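Keeping their order, the protein sequence lines are chains A and B. Counting from 1, position 10 in the first sequence corresponds to residue 10 in full-length UniProt numbering; the numbering is continuous, with no gaps. Counting from 1, position 58 in the second sequence corresponds to residue 58 in full-length UniProt numbering; the numbering is continuous, with no gaps. Structure, as structure tokens:
2 protein chains.
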Amino acid sequence: MDAFQWDTREDCDVRQILDRIGDKWSLLVIALLDDQSMRFTELKKTIDGVSQRMLTVTLRQLERDGLVSRTVHPVVPPRVDYELTPLGVTLHATIQSLVTWTETHQSQIAAARAAYDARESAVTASGKASSSAG
Amino acid sequence: MDAFQWDTREDCDVRQILDRIGDKWSLLVIALLDDQSMRFTELKKTIDGVSQRMLTVTLRQLERDGLVSRTVHPVVPPRVDYELTPLGVTLHATIQSLVTWTETHQSQIAAARAAYDARESAVTASGKASSSAG
DNA sequence: CGGAATCCGGAGTGATACTG
DNA sequence: CAGTATCACTCCGGATTCCG
Numbered sequence: 001m002d003a004f005q006w007d008t009r010e011d012c013d014v015r016q017i018l019d020r021i022g023d024k025w026s027l028l029v030i031a032l033l034d035d036q037s038m039r040f041t042e043l044k045k046t047i048d049g050v051s052q053r054m055l056t057v058t059l060r061q062l063e064r065d066g067l068v069s070r071t072v073h074p075v076v077p078p079r080v081d082y083e084l085t086p087l088g089v090t091l092h093a094t095i096q097s098l099v100t101w102t103e104t105h106q107s108q109i110a111a112a113r114a115a116y117d118a119r120e121s122a123v124t125a126s127g128k129a130s131s132s133a134g
Numbered sequence: 001m002d003a004f005q006w007d008t009r010e011d012c013d014v015r016q017i018l019d020r021i022g023d024k025w026s027l028l029v030i031a032l033l034d035d036q037s038m039r040f041t042e043l044k045k046t047i048d049g050v051s052q053r054m055l056t057v058t059l060r061q062l063e064r065d066g067l068v069s070r071t072v073h074p075v076v077p078p079r080v081d082y083e084l085t086p087l088g089v090t091l092h093a094t095i096q097s098l099v100t101w102t103e104t105h106q107s108q109i110a111a112a113r114a115a116y117d118a119r120e121s122a123v124t125a126s127g128k129a130s131s132s133a134g
């Protein structure tokens, strides 16, 4: 049941989080940091395809939201460790259900997409056929 | 526990869904259609700020993923009803936990952001002060 | 009413180079 | 090693216009 009415505005609270986990890298970072702290370069080499810049930006945002903590070790060469805060851990736990859902229903979605695409191309084809036939 | 290793690639299955619920409007549409079917115009006027184009695009994507069904009534003026499929309903249920998490921790996030911003501006200010003083 | 097609601006993203 | 700064590009998304 929807006892509470959703905020249909753009500035809905949920948006704040969706903008975070919905972006390209945040979720991966959260997942990776769940059971371990990691250094910048570790994250960079583990997350395939992320650029230096985007990893930095992503980590800053997560830090700002209090989901990830950043620890700078005053050594040379520099060493910075990132880890999930308690708040970040609870978010990760929540996201897990979404991941589980995805894994469970992924085949259904793939099937739905295939069916939709087939239907669409069929419509397009018949449309062309009828127009050329008519 | 993370018994399963995450896919750190961009084409991870989870991405498919995140690209959907992470976008600007899909989540709102799913939430709205949970307990009722709605017409195009109803959705448009209910979801504050959505453009005609984006609502159409969003609905098409959701339909393609098998999350929303589209029913065209052959009447004039045209009438099209949208409703959640069983698959969409299960996704909505899953998302609810995320929404609940957000509502529970929203204040913590806001506080974290405020603290972070204050810290940053303080750093910036002191940096300027020291540079001007030095 | 519901939707497609087009144009266009801005935000997000990446490659590169530089710094401490 | 861990960033920051700049430039260039892509793509999202809004406004507008036209169609059945």
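Note that the Cβ used here is the ideal one computed from N, Cα and C, for glycine as well. Computed from a predicted structure; not experimentally measured.
Looking at the backbone, the Cα of residue 43 of chain A and that of residue 53 of chain B are separated by about 38 Å. The C-beta distance from residue 29 of chain B to residue 14 of chain A rounds to 13 Å, too long to meet the 8 Å contact threshold. Bounds of any alpha helix (DSSP H) do not take in residue 35 of chain B, whose DSSP letter is neither H nor E. A contact is defined here as three or more CB-CB pairs under 8 Å, and the stretch 62-70 of chain B meets this definition with respect to the stretch 78-86 of chain B. For the pair residue 92 of chain A and residue 105 of chain B, the Cα-to-Cα distance works out to about 13 Å.
Within the stretch 99-111 of chain A, the residues whose Cβ lies closer than 7 Å to some Cβ of chain B are 99, 101, 102, 103, 105, 106, 108 and 109, listed in chain order. At a cut-off of 7 Å between beta carbons, residue 87 of chain B contacts chain A.
Look at residue 31 of chain B: its C-beta is under 7 Å from a C-beta on chain A. Each of A:110, A:38 and A:16 was checked against the Cα of residue 112 of chain B, and the nearest Cα belongs to A:16. Contact annotation, residue 21 of chain A with residue 66 of chain B: C-beta distance approximately 22 Å; criterion of less than 8 Å not satisfied. With respect to chain B, the C-beta atom of residue 59 of chain A has no partner C-beta closer than 7 Å. Residues of chain B whose Cβ lies closer than 9 Å to the Cβ of residue 51 of chain A do not exist, since the nearest Cβ in that chain is about 12 Å away. What residue 90 of chain A touches in chain B, judged by beta-carbon distance under 9 Å, is 101, 104 and 105, going in chain order. The C-beta of residue 14 of chain B comes closer than 7 Å to at least one C-beta of chain A.
Taking the CA atoms as reference points, residue 59 of chain A sits about 22 Å from residue 24 of chain B. According to DSSP, residue pairing for residue 73 of chain B in a beta bridge involves B:79. Here residue 34 of chain B is buried. Its C-beta has 16 or more other C-beta atoms within 10 Å. Interface flag for residue 41 of chain B against chain A is unset, since no Cβ pair is found closer than 7 Å. For residue 97 of chain A, the C-beta contacts it makes with chain B under 7 Å involve 94 and 97, in order along the chain.
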